[in-house]
Structure formats: C-alpha cells, structure tokens
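Report on one structure; see the data block that follows.
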Amino acid sequence: MSLQNHIVKVEVEAGKPRRFVFVLLDQFTLLCFSAAVESLRIANRMADKQLYEWVLAGEGGDTVRCSAGAEFKVDIDLAELNRDDVIMLCGGIEVQHATTKRLLNWIRREARRGLLIGGLCTAGYTMAKAGLLDNKKATIHWENQDSFAEEFDDVELTKSVFVVDNNRITTAGGTASIDLMLKIIADDHGEELANAVADQLIYSSIRTDQDTQRLSVPTRIGVRHPKLSQVIQMMENNIEEPISPSILAKDVGMSTRQLERLFRRYLNRSPKRYYMELRLQKARNLLMQTDMSVINVALACGFASPSHFSKCYRAHYEITPYRERGSQAARLSI
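Residue numbers (our numbering): 527 to 860.
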C-alpha cells in the first residue's frame, strides 16, 4: 500500500475531513486552483457532508495575485501544518521568480515531516527545486517541459496529465486539476462519488495518469495525414540533433520532393522552415525559463554556432537572443 493510500485510510477511519492547504504562488494560474477547489466543494455537496476542507496559504500571509490579475486574501502564512494535511502548491507564469528561498525552505521542512505534497501547473518546478522530485516520476505543463528537463535531470519527466509517485503529486496544469481531484475523491470515497462530481462539472472525459497532456499532432496542426504527422513527431523528438529532410523523407517512404510538396500543401512552409520554427520555439522557452547561457541554448536546439543561432532567432522573433534574455531579466526584477 502506498503512503498516499495509507494516509487516506487513516483519515477515513477517523471520520474527519481531509484538509488541503493550497499554497498560492505569485502569478499562479486561476484555472488550476479553482478547478481543484471546486471539485472538493462539489464532493462535499454531493456527499451531503464535509469530506474535505481547505485553507489558502501564501508567503507573507497577506494577499497573492494570480496571473489573471485578481488578488486573493490567504488564510495563513507559511506555517507548520498538521501531519495529515495535503499541501497543493499552485504555480503559474514566471514560477522561477515565485520560487523564493523561504518557500523552498518551508517545503523541505514540511516534506521532512512526511506531508503529502502536490504541485499544480508549473509548481512541479518548485517541488523539483526543493529536491522533492529527485528520482521520482513527475509532469509539468508542456510549455515548461524543455526547461525542466534541462535543469532537473534526476527527475523522470513524463507528458502525463498528472503523476502520483508515492507522496509526491504533479499535474500538467489547466483542467488536469479536475482529473487529479477526481482520482483522489475516488480513492477516498469511491468511483460513484467521483463520477457524480464529474457530472456536476459537466466533465465527460475523465483522464488518468496514463493520458498525455497535449493534443495529438494531427489535431494540433489541423491536418490528418499519417506521414506528415510522423515526420513532425520525429522533428519534435530530435531538436538537439536535427535530422535532414532527405532522411526524414526516406524514413516515411517518400522522396525529398514529395515531402516538400506535402509540407507546402498543408502547412504552407518547407520542412526545413517548419523544423527551424520548432527549434527556435524551444530556444525561446529555454531563454525565458532557465539560466542557461545563450551558447548552451543554441547547442541544445541544434545550432552549431552562437552567431548562426542569433541570426536565425532575430530573423524569426525580431530580437536577438541576448536582448531577449536581458528583457526577461529586467522584467522579473521589477
């Protein structure tokens, strides 16, 4: 029996509500937080008794602003919690900036006391920074996957909508909070209650930890062509060491000319141009979300020289990678 299930059993037998402590990080994502809380609220309503309770926590114990601009008055500061509390860190944009030294120290202390700790949306970064995910499976929003993988190589990063690894939980963000909470409710009080909560939320497709967070390639590009999808998947899996169009074409049983026509017809660009855009998008993510040097970002995205990288980046984003990095640092220091 996992630690999580052991905690559930003790609480159910004791007949007391399970308390969630939602720790709101600066610029947290409102959807992830509200989806989680609403799931618990509806569970109480459908069961006609208080199965769950929750409090809001934040550094300083005052107010925290979400990425949509609304401010929330928190109930408590980062104080010592009850041993059977469940901590849910709520992350959002600029999570690196929101992950303060005090927050990290607090998380480590509560982890040593054995609390179940989860991270919604980008808060998996905060958990990893605190060392809570070393040698564990985890997930994080797809937009942060590249930078996370570069910084935390001791974490087994997945693309699942959520991951439960013993007493550590991570989610991909967005509506993944609902899927996670439905699993917790089902584990605590049975599938029937979880399904009733899903019905109240008009949530008809409940996902598990086996489901991936991103749409399939055909859905994302709006084109259902098996060979085109296969080539794009190969491109996405080989950013650091790009594959030539001729090899890509050969691997799917086409000529280079046929591959060119396929990309022009459906995506209005050449395979080389599309591949370049994928690499530059990853580069931008790394520049904005990590402290990696521009040279290392270039190498991680398949550019042999910083000068070539800078030229391609400027042509696409109308700013050099050095200025991009500088503007990001200046914005975070405000």
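Here a beta-carbon is modelled for each residue, glycine too, at the ideal position from N, C-alpha and C.
Given the structure is predicted, the values throughout are model-derived calculations rather than measurements.
Item: Ignoring anything shorter than 4 residues or poking outside the stretch 663 to 690, list the alpha helix (DSSP H) runs there in chain order.; Value: 671 to 677
Item: What do you get for E844, buried or exposed, if any count of 16 or more other CB atoms within 10 angstroms of its CB means buried?; Value: exposed
Item: Is the distance from the Cβ of M780 to the Cβ of K798 below 9 Å?; Value: no
Item: Would you grab the beta carbon distance between E766 and C838 for me? Rounded to a whole angstrom, and I think it's under 8 Å.; Value: Going by Cβ atoms, the distance from E766 to C838 rounds to 15 Å, so no, they are not a contact pair.
Item: Quick one: what's got a C-beta closer than 7 Å to K655's C-beta in the same chain, skipping five residues either side?; Value: T625 and L630
Item: Here's a check: name, in chain order, each residue in its chain whose Cβ is nearer than 7 Å to the Cβ of A724, leaving out the five neighbours to either side.; Value: L708 and I732
Item: Measure how close the beta-carbons of P812 and E682 come, nearest whole angstrom, since I'm counting them as under 8 Å.; Value: At residue 812 the sequence reads Leu, which differs from the Pro that was named. Contact flag wrong, Cβ pair sits at about 20 Å.
Item: Is it a yes or a no for the stretch 539 to 548 touching the stretch 686 to 694, going by three-plus beta-carbon pairs under 8 Å?; Value: no
Item: Among the candidates Y792, L793, S772 and D777, whose CA atom is the shortest distance from the CA of R783?; Value: S772
Item: Around the C-beta of A720, are 16 or more other C-beta atoms found within 10 angstroms, so that it is buried, or is it exposed?; Value: buried
Item: Three-state secondary structure (DSSP) at R787?; Value: helix
Item: Hey, out of W632, I711 and V823, whose CA is closest to L566's CA?; Value: I711
Item: Does the distance from the C-beta atom of L646 to that of T555 stay below 9 Å?; Value: yes
Item: Just checking my contact of A573 with I704 at CB under 8 Å: how many whole Å lie between their CB atoms?; Value: About 17 Å; that fails the 8 Å criterion.
Item: For V621 and T648, which I take to be in contact (beta-carbon distance under 8 Å), what is that distance rounded to the nearest angstrom?; Value: 4 Å
Item: Report buried or exposed for K880, applying the criterion of at least 16 other Cβ atoms within 10 angstroms of its Cβ.; Value: What is shown of the chain runs 527 to 860, which leaves residue 880 out entirely.
Item: Helix, strand or coil for G852 per DSSP?; Value: helix
Item: With DSSP as the reference, identify every bridge partner of Y578, one or two as the case may be.; Value: R544
Item: Starting from M614, follow its DSSP beta bridges and name the residues at the other end.; Value: F548 and G644
Item: Here's a check: name, in chain order, each residue in its chain whose Cβ is nearer than 8 Å to the Cβ of D588, leaving out the five neighbours to either side.; Value: K599 and V600
Item: Who are the near neighbours of V778 in its chain, counting only those whose CB is closer than 7 Å to its CB and skipping five residues on each side?; Value: K753, Q756 and V757
Item: How would you label E597, buried or exposed, when you count the other beta carbons within 10 angstroms and need 16 or more for buried?; Value: exposed
Item: Can you tell me whether N692 is buried or exposed, with buried defined as 16 or more other CB within 10 angstroms of its CB?; Value: exposed
Item: Three-state secondary structure (DSSP) at C592?; Value: strand
Item: Who are the Cβ neighbours of T665 in its own chain at under 6 Å, not counting the five residues just before and after it?; Value: T684, S686, V689, T696 and A698
Item: Identify the continuous alpha helix (DSSP H) that holds T652 and give its terminal residues.; Value: A649 to K655
Item: Tell me which same chain residues have a C-beta within less than 6 Å of the C-beta of L529, skipping the five on either side of it?; Value: Confidence at L529 is low in this model, with a pLDDT of 37, below 50, so its placement is unreliable and the value that follows should be read with caution. Taken in chain order, the residues that qualify are N692 and N693.
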